[in-house]
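Chains as they are written, first to last, in the numbering used here: chain D, 1 to 236; chain R, 1 to 234.
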């Protein structure tokens with residue numbers, strides 16, 4: 001269908017890297033978001049303070065700045081840490097190299113965890129208090145309350161926000177090519193530079209992202225339908 | 001840290017007479033992109049709500065394309081992609097325009113924020129309460145007068161909270177300009193990093209500046225909301 005000038009496998013591999021990176025960052029930020037939202041709603045003042053500082057700073061600073069900051073500093077910190085470990089026990093020579101994919105996942109997960117925290121905080125608060133009290137009075141332990149009552153209902157309120165965040169993460173993965181990950185943008189860029197058809201190959205990168213957006217829209221619609229089971233809608 | 005501030009503080013913040021500072025460049029990019037995007041979005045939002053498919057469909061395609069792809073790809077397309085095209089090279093005015101990195105950057109930012117703003121405004125226009133429109137019709141207003149006096153003012157007011165988010169996101173997106181060699185705050189930070197090999201200090205200085213600008217914008221929009229949405233205050 002498209003004339004890829006032999007760069008098809010590279011672009012395909014780049015697309016897979018993009019998907020891998022965004023799904024992994026989604027999982028990391030999802031878990032961080034759950035933790036952050038629980039911290040923000042907890043009775044402990046220190047926890048609330050930490051969560052508030054986290055979300056305020058992360059959401060106030062551009063993601064590219066944070067990405068460069070974390071990506072370059074993380075390796076230095078790790079090196080310092082392993083140096084310190086090595087001085088403690090000089091028999092081993094420990095090295096923890098960080099590849100761009102891992103640091104990309106850590107960075108994106110850390111950044112978007114803050115956005116997920118806000119989404120989940122709103123959703124947690126939308127679940128009626130009486131249901132949680134009823135669950136407790138049934139003798140459920142906190143984890144069981146979370147799994148059976150809070151989480152399934154919270155997801156319904158959180159889904160639109162989650163969908164938004166997912167689309168933003170998907171598009172933010174393009175930034176990771178700046179710090180050297182060979183994702184779809186990098187692959188099409190090098191293909192364009194080699195063949196002098198930059199415009200054409202970048203359009204293909206755009207098409208890949210559009211395709212991923214359309215697919216994720218479909219998946220979101222299905223998920224929304226799943227979590228909306230048993231909800232009565234006002235008929236207009 | 002102190003050494004970087006001494007060496008690069010001027011480049012980050014102040015203006016030394018002949019080279020524009022990072023902060024000024026970032027703000028200039030933000031203002032240009034938001035102004036052009038706003039002027040683009042207002043007519044497009046009205047067109048987006050039209051009943052004629054020939055009118056709303058092209059607008060939908062525009063917003064879909066620009067919201068479905070990363071800004072970085074759009075910037076690369078406009079900055080390096082278009083300039084590589086044969087006919088752009090051969091047409092003098094186009095060649096002149098696309099050779100300047102800042103023109104390409106502002107163009108891509110404005111189109112991107114224009115697409116998002118179009119959807120924000122279109123949503124707000126769609127939510128205009130039908131009573132207001134009925135009343136305006138009953139007063140005998142023409143379509144134009146109705147849009148100018150009733151729909152646009154109230155829709156813009158209602159869109160303000162969401163629009164302020166979009167402006168903050170645009171501020172964050174201006175960091176991409178440094179990949180197109182535009183000397184904004186992040187470019188200065190990157191220079192400081194490559195000169196000192198101290199990533200944490202150089203980039204966290206940039207982060208602090210961006211944080212301050214974000215807070216200033218949030219404060220300004222809160223004031224604006226209190227002024228324009230005063231009738232919604234409890």
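C-beta: ideal position from N, C-alpha, C; glycine also.
From the beta carbon of residue 90 (chain R), is the nearest beta carbon of chain D less than 9 Å away?
-> Not one chain D Cβ lies under 9 Å of residue 90 (chain R).
Whole-angstrom distance between residue 76 (chain R) and residue 167 (chain R), CA atom to CA atom = Here the alpha carbons of residue 76 (chain R) and residue 167 (chain R) stand approximately 22 Å from one another.
For residue 209 (chain D), which three-state DSSP category applies?
-> Three-state result, residue 209 (chain D): helix.
Looking at C-alpha atoms only, which residue of D:186, D:146, D:167, D:192 is the closest neighbour of residue 219 (chain D)?
-> Nearest C-alpha to residue 219 (chain D): D:167.
Helix, strand or coil: how does DSSP classify residue 156 (chain D) here?
-> In the three-state scheme derived from DSSP, where H, G and I count as helix and E and B as strand, residue 156 (chain D) is classed as helix.
Touching or not, the segment 202 to 218 of chain R and the segment 163 to 183 of chain R, by the rule of three or more beta carbon pairs under 8 Å?
-> Yes, the segment 202 to 218 of chain R is in contact with the segment 163 to 183 of chain R.
Using the C-alpha atoms, what's the distance from residue 155 (chain D) back to residue 223 (chain D)?
-> Near 10 Å, if we compare the C-alpha coordinates of residue 155 (chain D) and residue 223 (chain D).
Cβ of residue 80 (chain R) less than 9 Å from any chain D Cβ?
-> At least one chain D Cβ lies under 9 Å of residue 80 (chain R).
Can you find a C-beta in chain R that's less than 9 Å from the C-beta of residue 5 (chain D)?
-> Not closer than 9 Å to any Cβ of chain R, the Cβ of residue 5 (chain D) fails to qualify, so no.
Where the alpha helix (DSSP H) containing residue 153 (chain R) begins and where it ends | Segment 152 to 173, the alpha helix (DSSP H) holding residue 153 (chain R).
Leaving out five residues before and five after residue 118 (chain D) in sequence, what residues of the same chain have Cβ atoms less than 7 Å from its Cβ?
-> Hits under 7 Å: 55.
Residues of the segment 185 to 203 of chain D whose Cβ lies closer than 9 Å to any Cβ of chain R, in chain order = Cβ contacts with chain R come from 185, 188, 189, 192, 193, 196, 197, 198, 199, 200, 201, 202, 203.
Within-9 Å CB hit, residue 199 (chain R) to chain D = Yes, contact with chain D.
Nearest candidate by alpha-carbon position, reference residue 150 (chain D), set D:111, D:129, D:69 | When each option's Cα is compared against that of residue 150 (chain D), the closest is D:129.
Backbone CA spacing between residue 169 (chain R) and residue 130 (chain R) [nearest angstrom] = When rounded, the distance between both Cα atoms is 32 Å.
Excluding the five sequence neighbours on either side, which residues of its own chain have a C-beta within less than 7 Å of the C-beta of residue 158 (chain R), listed in chain order?
-> Here the set comprises 124, 127.
Compare the C-beta of residue 190 (chain R) with all C-beta atoms of chain D and state if any pair is closer than 9 Å.
-> At least one chain D Cβ lies under 9 Å of residue 190 (chain R).
Would you report the Cα separation of residue 40 (chain R) and residue 90 (chain R), rounded to the nearest angstrom?
-> Their backbone Cα atoms lie some 28 Å apart in a straight line.
Would you call residue 236 (chain D) buried or exposed, if buried means 16 or more other Cβ atoms sit within 10 Å of its Cβ?
-> The predicted model places residue 236 (chain D) with a pLDDT of 46, which falls under 50 and marks its position as unreliable; any figure quoted below should be read in that light. Exposed is the call here.
Limits of the unbroken alpha helix (DSSP H) element including residue 80 (chain D) | Annotation for residue 80 (chain D): the continuous alpha helix (DSSP H) segment containing it runs 63 to 88.
Smallest Cα separation from residue 81 (chain R): which of R:22, R:105, R:46, R:229?
-> Residue 81 (chain R) has its Cα closest to that of R:105, out of R:22, R:105, R:46, R:229.
Contact set between residue 73 (chain D) and chain R, taken where Cβ atoms lie within less than 9 Å = Scanning chain R for C-beta atoms nearer than 9 Å to the C-beta of residue 73 (chain D) yields 199, 200, 203, 204, reported in chain order.
Could you name each continuous alpha helix (DSSP H) segment of 4 residues or more that falls completely within the segment 7 to 50 of chain R, going from the start of the chain to the end?
-> If only uninterrupted alpha helix (DSSP H) runs of at least 4 residues are considered, those enclosed by the segment 7 to 50 of chain R are 22 to 48.
Rounded C-alpha distance that separates residue 206 (chain D) from residue 197 (chain D) | Across the structure, residue 206 (chain D) and residue 197 (chain D) are spaced so that their CA atoms are roughly 15 Å apart.
Would you call the segment 180 to 187 of chain D and the segment 12 to 19 of chain D in contact, with 3 or more CB pairs under 8 Å?
-> Segments in contact, yes.
Run through DSSP, which three-state label would residue 189 (chain D) get?
-> Three-state result, residue 189 (chain D): helix.
First and last residue of the uninterrupted alpha helix (DSSP H) at residue 210 (chain R) = Judged by DSSP secondary structure, residue 210 (chain R) falls within the alpha helix (DSSP H) whose first and last residues are 199 to 228.
Is there at least one Cβ from chain R nearer than 9 Å to residue 158 (chain D)'s Cβ?
-> Judged by the 9 Å Cβ criterion, residue 158 (chain D) is not in contact with chain R.
Can you tell me the Cα-Cα spacing of residue 85 (chain R) and residue 199 (chain D), whole angstroms?
-> So the two alpha carbons sit approximately 7 Å from each other.
Would you check if the segment 38 to 58 of chain D and the segment 105 to 115 of chain D touch, i.e. whether three or more CB-CB distances between them fall below 8 Å?
-> Counting Cβ pairs under 8 Å, three or more are found: they touch.
Flag residue 218 (chain D) as yes if its beta-carbon sits less than 9 Å from any beta-carbon of chain R, otherwise no.
-> False, the Cβ-Cβ gap to chain R never drops below 9 Å.
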